[in-house]
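S.K.: Going letter by letter, the sequence shown gives residues 49 to 562 in our numbering. Ideal Cβ placement from N, Cα and C applies to all residues, glycine included. Mind looking over this structure? Questions follow.
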Amino acid sequence: MRKRLFRIGNWALIALFNGLFFLTLFDAVTSPNLILGDNKVTGAGTTMWTTGCLIAAAAILISWQTSWRVKRLMKWLFKTHALATATVLLALTVGWQLVFVLAVHPPIGFDAGAIHQALHDTTSAEIRAYFSLNYNNLPMLLAEVQLAKWFGTTSWLFFDLVTLVLVDLSALLNLICIVLVEPRKLVAGMNIHAVWLLLFPTIIVPYTDAWVLPLVSLYLLGAVVMVKPRLNLGWRALGALLFSVGLVGAYRLKPSAIVAMVALVIVGGLFALRPRRLAWPSVGQTALVLLLAAGLTAGCYAATAQLLKRQTYIQVDQSREIPAIHFISMGVSGDGGYNAKDALKMAELPNKQARVAYSKRVLIQRLKRRGAWGYARFLVAKHRNNTADGTFAWVKEGHFINENPIPKRGGFSGWLRSFVYLYGTRLGDLRFMSQVWWVVWLALIAFAWRDQRTFVQALRLTIIGGFSYLLIFEGGRSRYLIQFLPAFLMLATLVYQESFNWFYRAHRWFTKAP
């Protein structure tokens, strides 16, 4: 019976993942970001810069296929000295990130701007109302306040550098996790992370999207350490501590970032159904470590709750906090994204009960208006909006950079701004390159369904959970996927070889077909 339940559960997980993920891959492949030249859909076409990159890539590929010298060089670089090459590439990428942030660190608007404003202004009614309504952003503010005290600065450059460090720390934790799960995949992981970091301009936006990444990576690493039987009890206890700190920190910064924890628990329970011979001392140690993790998590949660309750930096009214059902209702409106009318209504209504009642009433009205078939079509379209864009909705929400959206021409800084500003002449190039990488990244994952190891399945369920969350709550743009990127990065690293094998088998089948 247990074996049958495991097979059914595991099959359902793979089937659901493949359905959602191949839809994501299709949406990414058909994205207007991949249009070369003038782009009437996005309004930002590619330039000769992209053309030059494509010509260079084609030249390298042709040389690799036709020249034995180039083949020997490629083998020397990417096989004989693969680790050294990957290390150099990753180091160069980090150096490039630093150059980019030093050259481009503009003031940011929207939520990141409100948090930064509160570093200087805690008395205005507007700021107090913002943090009362968006109480979930209070931990981010308190973290910035503490960093500003320690380093004596509140500049945008400083917080961009902090964001860079946190994003790169997430990459480092992911790589450590990969070493523990499958050490021989380290080089591939370094290369995958290097490309991601190279095409990730979000490092100049100090907000929870990027700041939560190392915390998600930390609790995933902690989970791997906790359940690794080859490690002694001391190391596994350390894993429990890392898991607890990372989980509670992620929850405080961005509650939806704990989806991976839910996935770990579900997959752990599913794989416990497999009939197998148990080593009872190891089982006892695992149970002890899990109990320790539960206790540490409860302690961290209580401590952070008291910290938030007793903070005196800014006066807020938690009873005005926007209820979760508001974001569910908003997620059914328009294209499933932000709804200014709903947000304004939350500010107008006097208390939480009124906000809940209003959101519930509007949600029911919207669902009835769509009907079952209409809602299903809406979800398919919303999933495209949630996942197709490989830039993670960079400047898709408007010009959140509080500077002239037309960057000044001239100089190295101006050249970089032309790639990331709303009316930059090379924004289309960034979108094209990011989209190509997103398609490749998704393809590395999509065709590897034969790999069904426990941690791999947990990462798959994390992605399913992320997709589902964005379908239910406010979504409408792929920026919200950023919090789940550690799962995408580690999954691509761990299963890419299986996808390569699938492509190899498909190629052999097609070439043998009459």
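(1) What does a CB cutoff of less than 7 Å around residue 479 pick up in its chain, not counting 5 residues either side in sequence?
(2) When DSSP builds the beta bridges, which residues end up paired with residue 156?
(3) Quick test of your reading: residue 195 and residue 215, contact by CB under 8 Å. State the CB separation rounded to the nearest angstrom.
(4) Do you know whose CA, among 141, 101, 68, lies nearest residue 84's CA?
(5) Could you please give the first and the last residue of the uninterrupted alpha helix (DSSP H) stretch that includes residue 262?
(6) DSSP state of residue 522, grouped into three classes?
(7) Taking the alpha helix (DSSP H) that residue 237 belongs to, which residues open and close that run?
(8) Does the Cβ-Cβ distance between residue 297 and residue 266 come in under 9 Å?
(9) Between which residues of its own chain and residue 165 is the CB-CB distance below 8 Å, once the five residues before and five after are set aside?
(10) Of all the options 550, 521, 503, 533, which has the alpha carbon lying nearest to the alpha carbon of residue 275?
(11) Measure from the alpha carbon of residue 186 to the alpha carbon of each residue in 356, 253, 141, then state which is nearest.
(12) Taking only three categories from DSSP, how would you classify residue 544?
(13) Quick one, which of 463, 514, 202, 477 has its alpha-carbon nearest residue 64's?
(14) Using C-beta distances below 6 Å, list every residue in its chain close to residue 239, excluding the 5 sequence neighbours before and after it, in chain order.
(15) Under the rule that 16 or more other beta-carbon atoms within 10 Å means buried, what is residue 537, buried or exposed?
(16) For residue 324, does the three-state DSSP call read helix, strand or coil?
(17) What first and last residue would you give for the alpha helix (DSSP H) that runs through residue 126?
(18) Please name the residue, chosen from 443, 517, 555, 172, that lies closest to residue 158 on a Cα-to-Cα basis.
(19) Looking only at C-alpha atoms, which of 119, 433, 545 sits nearest to residue 529?
(20) Express the C-alpha separation of residue 96 and residue 484 in angstroms, rounding to a whole number.
(21) Are the beta-carbon atoms of residue 308 and residue 535 separated by less than 9 Å?
(22) Output the distance between the C-alpha atoms of residue 500 and residue 124, rounded to the nearest integer angstrom.
(23) In its own chain, which residues sit with a C-beta less than 7 Å from the C-beta of residue 565, not counting the 5 before and 5 after it?
(24) Which residue wins for smallest C-alpha separation from residue 518, given the options 496, 552, 426?
(25) So, is residue 531 buried or exposed, given that buried needs 16 or more other C-beta atoms within 10 angstroms?
(26) Spatial neighbours of residue 9 within its chain, please: CB distance less than 8 Å, with the 5 preceding and 5 following residues excluded, ordered by chain position.
(27) Taking 7 Å as the limit between beta carbons, can you name the residues of its chain near residue 348, skipping five residues before and five after?
(28) Considering residue 299, what are the terminal residues of the alpha helix (DSSP H) in which it resides?
(29) By how many angstroms is the C-alpha of residue 190 removed from the C-alpha of residue 301?
(30) Just to confirm before moving on: does the CB-CB distance between residue 495 and residue 551 stay below 9 Å?
(31) At the level of alpha carbons, what is the spacing between residue 576 and residue 360?
(32) Please classify residue 505: does DSSP put it in a helix, a strand, or coil?
(33) Tell me, to the nearest whole angstrom, how far the beta carbon of residue 207 is from that of residue 464; I am working on the premise that it is less than 8 Å.
(34) Tell me which same chain residues have a C-beta within less than 6 Å of the C-beta of residue 486, skipping the five on either side of it?
(35) My understanding is that residue 162 touches residue 178, with C-beta atoms under 8 Å, so please give their C-beta distance in whole angstroms.
(36) Are the CB atoms of residue 289 and residue 336 within a distance shorter than 9 Å?
M.R.: Taking the structure as given:
(1) Excluding residues within five positions, the ones whose Cβ falls inside 7 Å are 81, 90, 92, 439.
(2) DSSP output for residue 156 lists 449 as bridge partner(s).
(3) In this structure residue 195 is not in contact with residue 215, their Cβ atoms being roughly 16 Å apart against a cut-off of 8 Å.
(4) Restricting attention to 141, 101, 68, the CA atom closest to the CA of residue 84 is found in 101.
(5) Its alpha helix (DSSP H) spans residues 261–274.
(6) Residue 522 falls in the coil class under three-state DSSP.
(7) Where residue 237 is concerned, the enclosing alpha helix (DSSP H) stretches over 234–246.
(8) Their beta carbons are under 9 Å apart, which means residue 297 touches residue 266 by this criterion.
(9) The answer, listed in chain order, is 175.
(10) Sorting 550, 521, 503, 533 by C-alpha distance to the C-alpha of residue 275 places 503 at the top.
(11) Nearest Cα to residue 186 within the set 356, 253, 141: 356.
(12) Helix.
(13) Cα-wise, what sits closest to residue 64 is 514.
(14) Its chain contains 134 as the residues whose beta carbon lies nearer than 6 Å to that of residue 239, once the 5 sequence neighbours on both sides are disregarded; these appear in chain order.
(15) Counting Cβ neighbours within 10 Å, residue 537 comes out buried, since at least 16 surround it.
(16) The answer is coil: DSSP assigns residue 324 none of H, G, I, E or B.
(17) For residue 126, no alpha helix (DSSP H) run applies, since DSSP gives it neither H nor E.
(18) Comparing Cα positions, the closest option is 443.
(19) That would be 433, whose Cα lies nearest to the Cα of residue 529.
(20) Each residue's alpha carbon lies about 17 Å from the other.
(21) Yes, these two residues count as a Cβ contact at 9 Å.
(22) Rounded to the nearest whole angstrom, the CA to CA distance from residue 500 to residue 124 is 33 Å.
(23) Since the first residue of the chain shown is 49 and the last is 562, residue 565 is not available in this structure.
(24) Considering only alpha carbons, the answer is 426.
(25) With 16 or more Cβ atoms within 10 Å of its Cβ, residue 531 is classed as buried.
(26) A query on residue 9 cannot be resolved here, the shown segment of the chain reaching from 49 to 562 and no further.
(27) Its chain contains 292, 293, 296 as the residues whose beta carbon lies nearer than 7 Å to that of residue 348, once the 5 sequence neighbours on both sides are disregarded; these appear in chain order.
(28) For residue 299, the enclosing alpha helix (DSSP H) has its first and last residue at 281–301.
(29) Rounded to whole angstroms, residue 301 and residue 190 show a C-alpha spacing of 11 Å.
(30) Between residue 495 and residue 551, the C-beta spacing is below 9 Å.
(31) Residue 576 is absent from the structure shown; the chain starts at 49 and stops at 562.
(32) Here residue 505 carries a helix assignment [DSSP, helix/strand/coil].
(33) Not a contact, Cβ separation roughly 18 Å.
(34) Only 76, 438 meet the Cβ criterion.
(35) Confirmed, about 5 Å.
(36) It is not a contact, given that the beta carbons lie outside the stated cut-off.
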